[in-house]
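In the working numbering, the protein residues as written are 2 to 77.
Backbone N, C-alpha and C define an ideal beta-carbon position, used for all residues, glycine too.
Since the structure is predicted, the reported quantities are computational estimates derived from the model, not experimental observations.
Note sheet for the following structure.
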(Lines of atoms letter the chains of each structure in order from A and count residues from 1; the text may use other names and numbers.)
(Lines give C-alpha, C1' and ligand atoms only; values in the text may rest on other atoms or scores of the structure.)
Protein backbone atom coordinates (compact mmCIF):
# COMPACT_ATOMS: atom_id res chain seq x y z
CA UNK A 1 0.00 0.00 0.00
CA UNK A 2 2.82 2.42 0.90
CA UNK A 3 4.37 2.53 -2.59
CA UNK A 4 0.99 3.11 -4.28
CA UNK A 5 0.99 6.76 -3.16
CA UNK A 6 3.55 9.42 -4.00
CA UNK A 7 6.09 10.12 -1.27
CA UNK A 8 8.17 13.18 -0.43
CA UNK A 9 11.63 13.07 -2.05
CA UNK A 10 12.91 16.51 -1.08
CA UNK A 11 11.74 19.43 1.02
CA UNK A 12 12.69 23.07 0.72
CA UNK A 13 12.71 24.64 4.18
CA UNK A 14 12.20 28.37 4.66
CA UNK A 15 13.10 30.30 7.80
CA UNK A 16 11.21 33.60 8.09
CA UNK A 17 10.25 33.33 4.39
CA UNK A 18 13.87 32.94 3.23
CA UNK A 19 15.34 29.67 1.86
CA UNK A 20 17.18 27.96 4.70
CA UNK A 21 17.75 24.28 3.86
CA UNK A 22 17.08 21.65 1.24
CA UNK A 23 16.30 18.26 2.79
CA UNK A 24 16.67 15.02 0.82
CA UNK A 25 14.27 12.34 2.06
CA UNK A 26 15.01 8.63 1.61
CA UNK A 27 12.32 6.54 -0.06
CA UNK A 28 11.90 4.50 3.10
CA UNK A 29 9.28 3.95 5.77
CA UNK A 30 11.97 4.28 8.43
CA UNK A 31 12.07 7.25 10.82
CA UNK A 32 14.39 9.93 9.42
CA UNK A 33 16.02 12.87 11.16
CA UNK A 34 17.62 16.09 9.93
CA UNK A 35 19.96 18.24 11.99
CA UNK A 36 19.29 21.89 11.18
CA UNK A 37 21.68 23.27 13.76
CA UNK A 38 20.58 25.82 16.30
CA UNK A 39 17.93 28.29 15.20
CA UNK A 40 17.77 31.21 17.58
CA UNK A 41 15.64 34.30 17.57
CA UNK A 42 14.66 36.59 20.42
CA UNK A 43 11.23 37.27 18.93
CA UNK A 44 10.47 33.84 17.47
CA UNK A 45 10.57 32.55 13.94
CA UNK A 46 8.46 30.98 11.23
CA UNK A 47 9.24 27.73 9.40
CA UNK A 48 7.64 26.85 6.08
CA UNK A 49 8.01 23.51 4.33
CA UNK A 50 7.61 23.17 0.57
CA UNK A 51 7.56 19.76 -1.13
CA UNK A 52 10.15 20.21 -3.88
CA UNK A 53 10.22 16.69 -5.38
CA UNK A 54 8.27 13.47 -4.99
CA UNK A 55 8.75 9.77 -5.55
CA UNK A 56 5.82 8.86 -7.81
CA UNK A 57 3.28 6.34 -6.59
CA UNK A 58 2.62 3.17 -8.55
CA UNK A 59 -1.17 3.74 -8.50
CA UNK A 60 -2.11 7.18 -7.14
CA UNK A 61 -0.87 10.66 -8.06
CA UNK A 62 -1.41 12.17 -4.59
CA UNK A 63 1.41 12.64 -2.09
CA UNK A 64 1.29 11.29 1.45
CA UNK A 65 3.21 12.72 4.40
CA UNK A 66 2.23 10.81 7.51
CA UNK A 67 4.27 12.38 10.30
CA UNK A 68 6.33 15.50 11.01
CA UNK A 69 7.90 16.13 14.41
CA UNK A 70 10.00 18.95 15.85
CA UNK A 71 12.46 18.24 18.63
CA UNK A 72 15.00 20.71 19.92
CA UNK A 73 15.59 23.85 21.92
CA UNK A 74 12.20 25.52 22.25
CA UNK A 75 10.70 23.69 19.27
CA UNK A 76 8.49 20.69 19.87
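Inter-residue spacing [alpha-carbon to alpha-carbon] between residue i and residue j
i          : j          : result
residue 6  : residue 32 : 18 Å
residue 25 : residue 71 : 17 Å
residue 10 : residue 58 : 12 Å
residue 69 : residue 3  : 17 Å
residue 22 : residue 40 : 12 Å
residue 1  : residue 8  : Summary: the structure shown does not reach residue 1, with the chain confined to residues 2 through 77, and so no result is reported for it.
Residue-chain proximity (residue i, chain C), Cβ-Cβ < 8 Å
i         : result
residue 8 : Among the chains of the structure shown, chain C does not appear; only one protein chain is present.
Close Cβ partners of residue i (< 6 Å) along its chain, the five nearest in sequence each way excluded
i          : result
residue 65 : 6
Nonlocal neighbours in the same chain, by C-beta distance under 7 Å from residue i, ignoring five residues either side
i          : result
residue 76 : In this predicted model, residue 76 has a pLDDT of only 47, less than 50, meaning its place in the structure is not dependable enough to derive any value.
DSSP beta-bridge partners of residue i
i          : result
residue 54 : 11
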